[in-house]
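Chains as they are written, first to last, in the numbering used here: chain A, 288 to 422; chain B, 288 to 422.
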DNA sequence: ATAAACTAATACTTATAGGTATTATTTTAT
DNA sequence: ATAAAATAATACCTATAAGTATTAGTTTAT
Ligand code: SF4
Ligand code: SF4
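Dropping the structure here:
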């Protein structure tokens with residue numbers, strides 16, 4: 288599964304918004320572009336707004352723009368806000384606290400993919416994404 | 288989330304069995320050692336048995352042993368059998384087929400963690416795990 | 001003023017994963 | 001023979017994630 292569907296949605300939304308950060312975007316436009324179930328999308332937008340990533344403007348010519356500079360928004364923070372990062376950072380075998388004093392056999396094996404994954408999330412910002420698009 | 292709870296369980300079961308591969312283990316013993324919900328554990332064992340990883344012996348002194356050499360059992364195959372690998376191999380944004388002709392901005396960013404993850408799963412066997420335990 | 005075009009909040013429904021219960025079947029020790 | 005101890009199969013229940021519906025509130029063009 289990797290990341291939850293909701294995280295996927297959040298990334299898709301913010302990616303699209305980042306690539307169009309000059310313009311204010313309404314839920315309707317985002318729905319037409321991203322085809323995420325409309326009501327779910329709207330709820331997510333409210334969540335992302337309350338989390339401080341984006342800023343909502345109500346009313347007739349309302350919509351969403353970023354509330355913070357793209358350079359400051361890391362993927363890790365986005366995923367953390369919609370589904371939490373703990374399950375990615377903790378024990379791969381699901382133990383809330385490692386019950387063993389010395390690392391078990393699994394630990395070493397998962398270390399590399401786990402770190403690579405977290406490292407990517409923690410070092411990539413929406414600004415990087417915008418840059419990547421120009422390649 | 289990374290991998291499903293069921294995948295976690297499967298890995299824990301087979302890891303424990305690998306580290307004790309000389310002896311036949313019953314569901315009761317595995318339950319006592321791993322504390323996975325007993326009935327769910329039993330169902331998983333039947334599944335793993337039907338998938339050909341382990342072999343069940345019924346009756347009073349029954350239990351489970353490996354049906355194949357540990358060197359041949361890759362993590363990828365285990366996870367594939369209990370939850371499928373497609374969601375890990377496919378598009379990170381959840382698109383069943385990539386709708387865009389040229390890779391989107393996300394693609395490059397996820398490439399590395401995704402490949403590292405899959406590479407680990409596809410190159411690590413239960414035998415490696417047993418070895419790692421000796422470190 | 002009023003209607004249109006938005007976002008906000010909350011409750012409800014549905015799908016899926018995880019977990020439980022029941023019953024049947026097999027083998028061996030006695 | 002029979003009871004005990006094990007696996008097998010299937011149906012059911014529960015928790016969580018995903019998705020939908022309803023209603024309220026805000027702003028601007030007319
Ligand atoms: S040593 Fe094993 S049990 Fe402990 S945190 Fe690492 S993977 Fe989990
Ligand atoms: S290019 Fe983008 S949409 Fe296509 S497969 Fe890669 S991540 Fe998915």
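Just so it is clear, CB atoms sit at the ideal spot from N, CA and C, and this is done for glycine as well.
C-alpha distance - residue i paired with residue j, whole-angstrom precision
i	j	result
residue 306(B)	residue 289(A)	27 Å
residue 426(A)	residue 361(B)	Outside the shown range of chain A, which is 288 to 422, sits residue 426(A), and nothing can be said about it.
residue 422(A)	residue 389(B)	With a pLDDT of only 46 at residue 422(A), under 50, the local geometry of the prediction cannot be trusted, and the value read off the model is given with reservation. Approximately 11 Å, taken between the alpha carbons.
residue 355(B)	residue 357(A)	51 Å
residue 396(B)	residue 315(B)	45 Å
residue 303(A)	residue 400(A)	27 Å
residue 334(B)	residue 418(B)	26 Å
residue 312(B)	residue 351(B)	5 Å
residue 408(A)	residue 343(B)	42 Å
residue 339(B)	residue 393(A)	22 Å
residue 366(A)	residue 410(B)	28 Å
residue 403(A)	residue 403(B)	7 Å
residue 371(A)	residue 347(B)	46 Å
residue 398(B)	residue 345(B)	46 Å
residue 319(A)	residue 330(B)	44 Å
residue 308(B)	residue 337(B)	19 Å
residue 353(A)	residue 413(A)	11 Å
residue 375(B)	residue 291(A)	12 Å
residue 295(B)	residue 405(B)	16 Å
residue 300(B)	residue 317(B)	7 Å
residue 323(A)	residue 415(A)	24 Å
residue 297(B)	residue 321(A)	36 Å
residue 328(A)	residue 385(B)	21 Å
residue 332(B)	residue 373(B)	23 Å
residue 293(B)	residue 369(B)	7 Å
residue 349(A)	residue 364(B)	50 Å
residue 382(B)	residue 341(B)	35 Å
residue 310(A)	residue 380(B)	23 Å
residue 325(B)	residue 325(A)	41 Å
residue 510(B)	residue 391(A)	This structure gives no information on residue 510(B), because the portion of chain B shown stretches from 288 to 422.
Where the beta strand (DSSP E) containing residue i begins and where it ends
i	result
residue 311(B)	Unbroken run through residue 311(B): none, as it is neither H nor E.
residue 341(A)	341-344
The alpha helix (DSSP H) enclosing residue i, as first and last residue numbers
i	result
residue 396(A)	392-410
residue 352(A)	First-last for residue 352(A): 350-353, but that is the beta strand (DSSP E), not the alpha helix (DSSP H).
residue 363(A)	362-369
residue 376(A)	373-376
residue 331(B)	325-337
Heavy atom of ligand 4 within 7 Å of residue i beta-carbon
i	result
residue 312(A)	What this structure holds is ligand 1 and ligand 2, not ligand 4.
(request) Please list the residues of the stretch 289-303 of chain B that have a C-beta atom closer than 8 Å to any C-beta atom in chain A, keeping them in chain order. (result) Residues are counted here when their Cβ sits less than 8 Å from a Cβ of chain A; for the stretch 289-303 of chain B these are 289, 290, 291, 292, 295, 298, 299, 302, given in chain order.
(message) Output needed in chain order: residues of the stretch 400-413 of chain A with a Cβ under 7 Å from some Cβ in chain B.
(response) Here the close residues are 400, 403, 404, 407, 411.
(message) Any residue with its C-beta under 6 Å from a non-hydrogen atom of ligand 1 counts. Can you list them all in chain order?
(response) For ligand 1, the selected residues are 378(A), 379(A), 380(A), 382(A), 385(A), 387(A), 390(A), 391(A), 393(A), 394(A).
(request) Output, in sequence order along the chain, the residues in the stretch 369-384 of chain A whose CB is closer than 8 Å to any CB in chain B. (result) So the close ones are 370, 374, 375, 379, 380, 381.
(message) Counting only Cβ-Cβ distances shorter than 8 Å, please list the residues of the stretch 316-344 of chain B near chain A, keeping chain order.
(response) Legend: CB atoms of the stretch 316-344 of chain B lying less than 8 Å from CB atoms of chain A are not found in any residue.
(message) So if I threshold CB-CB distances at 7 Å, which residues from the stretch 345-357 of chain B count as touching chain A?
(response) Flagged: no residues at all.
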